[in-house]
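Residue numbers for the sequence shown follow our numbering, beginning at 261 and rising by one.
For each residue, glycine too, the CB sits at the ideal point set by N, CA and C.
Have a look at the structure below before the remarks.
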Amino acid sequence: MTLAVMLCVLLLVVTGLAYVVARRWLTTGVALAVSAGVLVAQVGGLCVVADLTLANMG
Numbered sequence: 261m262t263l264a265v266m267l268c269v270l271l272l273v274v275t276g277l278a279y280v281v282a283r284r285w286l287t288t289g290v291a292l293a294v295s296a297g298v299l300v301a302q303v304g305g306l307c308v309v310a311d312l313t314l315a316n317m318g
């Protein structure tokens, strides 16, 4: 399995877990908003890591 596939699976798993945990205490709409926020934060973090990695290569 390539690194890109593993990172995509990790994003999906963490986002799904965030939804399940948020759904236990909150309404469905709020839980979806929380999971969307978690997904955006993860993608933003991946972009920062990718940028730093590419900057160190040159």
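- Cβ-Cβ distances below 8 Å link Val294 to Ala278, Tyr279, Ala282, Leu286 in the same chain, with the five nearest sequence neighbours on each side left out; the list follows chain order.
- In the three-state scheme derived from DSSP, where H, G and I count as helix and E and B as strand, Thr275 is classed as helix.
- Counting only runs of 4 or more residues that sit fully inside the segment 274–308, no alpha helix (DSSP H) segment turns up.
- Thr275 counts as buried, since no fewer than 16 other beta carbons sit within 10 angstroms of its beta carbon.
- In this structure, Leu292 lies away from Leu271, with their beta-carbon atoms at least 8 Å apart.
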